[in-house]
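Just below is one structure, and these are the notes that go with it.
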Amino acid sequence: MDFSLSPEHRMVQQTVREFAQKEIAPMVREYDRKHEPMPILERMAEQGLLGISIPVRYGGQGMDFISLGLACEELEAVDSTLRVVMSVHMGLCALTILHWGTEEQKQKYLIPLARGELVGAGAFTEPGHGSDFANIQMTARRHGDVYVLNGEKMWISLATKADVAIVTARTDPNADPPYRGLTSFIVDLNSPGIKRGDIHGKLGVRAGSTGWISFHNVEVPVENRLGEEGEGFKITMSAFDRGRYTVAAGAAGLIRAALEASVKYARERVTFGKPIGEHQLIKQKIAAMARDYEIARLLYLYTGWLMNQGKRFTRMASLAKWYNTEAAFRAAHEAIQVHGAYGYSDEYPVERYFRNARGAMIYEGSSEIHTLIQADYALGYRRDKPLRIEFPGYDPEFWLEEG
Numbered sequence: 379m380d381f382s383l384s385p386e387h388r389m390v391q392q393t394v395r396e397f398a399q400k401e402i403a404p405m406v407r408e409y410d411r412k413h414e415p416m417p418i419l420e421r422m423a424e425q426g427l428l429g430i431s432i433p434v435r436y437g438g439q440g441m442d443f444i445s446l447g448l449a450c451e452e453l454e455a456v457d458s459t460l461r462v463v464m465s466v467h468m469g470l471c472a473l474t475i476l477h478w479g480t481e482e483q484k485q486k487y488l489i490p491l492a493r494g495e496l497v498g499a500g501a502f503t504e505p506g507h508g509s510d511f512a513n514i515q516m517t518a519r520r521h522g523d524v525y526v527l528n529g530e531k532m533w534i535s536l537a538t539k540a541d542v543a544i545v546t547a548r549t550d551p552n553a554d555p556p557y558r559g560l561t562s563f564i565v566d567l568n569s570p571g572i573k574r575g576d577i578h579g580k581l582g583v584r585a586g587s588t589g590w591i592s593f594h595n596v597e598v599p600v601e602n603r604l605g606e607e608g609e610g611f612k613i614t615m616s617a618f619d620r621g622r623y624t625v626a627a628g629a630a631g632l633i634r635a636a637l638e639a640s641v642k643y644a645r646e647r648v649t650f651g652k653p654i655g656e657h658q659l660i661k662q663k664i665a666a667m668a669r670d671y672e673i674a675r676l677l678y679l680y681t682g683w684l685m686n687q688g689k690r691f692t693r694m695a696s697l698a699k700w701y702n703t704e705a706a707f708r709a710a711h712e713a714i715q716v717h718g719a720y721g722y723s724d725e726y727p728v729e730r731y732f733r734n735a736r737g738a739m740i741y742e743g744s745s746e747i748h749t750l751i752q753a754d755y756a757l758g759y760r761r762d763k764p765l766r767i768e769f770p771g772y773d774p775e776f777w778l779e780e781g
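In structure tokens form, the structure reads like this:
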């Protein structure tokens, strides 16, 4: 393995950094204060971000998965809202269609998703079922050439902004074990019978869209089914793997942002006749942030390398998401302490980092779930089985070839 960045990787890193810092950063505090989603989707599409790791033949940029991780790091270094878009549009939706979709589904949905003509989401969590995903209650009953969906989805990022979503529902209520009764679908969110709205009063990611979606007798064509009946659980778990990778990469960006803000403040703030950066306990906090950033970066780069090789990355995506999000919360917490009373106000961005980092320890699998996953791997209770459709990895000849 070579963890040095290629010229292409550095180009992605620099381009995304300039876009996020110059075009988006100036508006973040305003929208965070108003609790309103920032108008960023069109801008991100113009930059090619919504199709960064989709093959050129399907309308994307043809970049590898390390490029996707680098983009997520740079975006979350400005605000978590930007990375959330990548996690749900790319990680949960577009890459899932690339992995599991038929050629017809890729032509109909993946190409406009990659071009930013459609916005995608993943509708998985229910009001009573988050971590207990195998027991979701939303139903899909087949009637001839359509499935009829009924149920509720909650805490869905981009719920009111997305055009399509990957939705997993129960097609077999008697399946034993229950996860064998789940099936996934590509759903047009403008279909009759769908209602959706925003969730207000969130602690963090206030400049982003999070909401609910209600399905009442929503008809979905059979050709919109992803995979076979009963494969919904494994399809969703593979989507979570890629979503977790983007969350882990973004968390590294938040750690870096907290570190950079703390270093700047510690050099400027003077107490007891010297910059606070010369006080040992401030040094301790900054050293811990620097340590965690380097660890977080290596964890997500290694996960991205596994993805590029076409190797199973479930364990590493879980580990990177678990460690990096907890490290991001620690870094944001210590950054507030470094800034003192100023860190408690939104005059400085560290209080926003703190609020945003807290949510990442819950979504895409809570820290408790990842603790159990890692323990089961270590104890030998859990082993990865081959998927029916293995992800092909990154092959430049295929990814960059025009269709």
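For the sequence shown, position 305 (counting from the first letter as 1) is numbered 683 according to this note's numbering, and the numbering increases by one without interruption.
Glycine residues also receive a C-beta, built at the ideal position from the N, C-alpha and C atoms.
In the DSSP assignment, Met685 falls within the alpha helix (DSSP H) that extends over Gln658 to Gln687. Note on Asp773: under 16 other CB atoms within 10 angstroms of its CB, so exposed under the neighbour-count rule.
In the three-state reduction of the DSSP assignment, Lys652 falls in the strand class. An exposed status is given to Asn568, since fewer than 16 other beta-carbon atoms sit within 10 Å of its beta-carbon. Looking only at Thr749, Thr517, Gly582 and Pro551, the smallest Cα-Cα distance to Ser458 is reached by Gly582. For the pair Gly771 and Gly682, the CB atoms are not nearer than the 8 Å cut-off. When the Cα atoms are used, Thr538 and Val466 turn out to be separated by approximately 13 Å.
Relative to Ala666, the option among His711, Tyr487 and Pro653 whose CA is nearest is His711. In the DSSP assignment, Val598 is bridged to Tyr525.
For Thr480, the three-state secondary structure derived from DSSP is coil. Secondary structure note for Ser445: its alpha helix (DSSP H) is the uninterrupted segment Phe443 to Glu454. Here Ala492 is not near Gly586, since their CB atoms are 8 Å or more apart. Secondary structure of Ile544 (DSSP, three-state): strand. The three-state secondary structure of Lys580, taken from DSSP, is coil. Taking a contact to require three or more Cβ pairs closer than 8 Å, the stretch 502-509 and the stretch 655-663 do not qualify as touching. When secondary structure is reduced to three states using DSSP, Lys573 falls in the strand class.
Phe691 sits close to Asp619, with the two beta carbons spaced by under 8 Å. Per DSSP, Phe511 lies in no beta strand (DSSP E) and is assigned neither H nor E. Between Leu427 and Thr624, the CB-CB gap reaches or exceeds 8 Å. DSSP places Thr503 outside any beta strand (DSSP E), giving it a letter other than H or E. Note that the C-beta distance between Gly610 and Thr561 is below 8 Å.
In this structure, the straight-line span from the alpha carbon of Arg761 to that of Thr474 is close to 22 Å. Per DSSP, Leu697 is not a residue of any beta strand (DSSP E); the alpha helix (DSSP H) it occupies stretches across Thr692 to His717. Distance between Ile432 and Asp442, taken at the CA atoms: about 8 Å.
With fewer than three CB-CB distances shorter than 8 Å, the stretch 474-489 does not count as touching the stretch 406-425. Shown here, Arg520 sits in a strand according to DSSP, grouped into three states. By the C-beta criterion, the stretch 538-552 is judged to be in contact with the stretch 596-614, since at least 3 inter-stretch pairs fall below 8 Å. Boundaries for Val466: no beta strand (DSSP E) harbours it, and the DSSP string shows neither H nor E there. Taking a contact to require three or more Cβ pairs closer than 8 Å, the stretch 699-714 and the stretch 734-747 qualify as touching. If you draw a straight line from the Cα of Arg693 to the Cα of Tyr678, it comes to about 12 Å.
Distance from the Cα of Gly631 is smallest, within the candidate group Asn513, Glu672 and Lys400, for Glu672. Ala398 places its beta carbon 8 Å or farther from that of Leu476.
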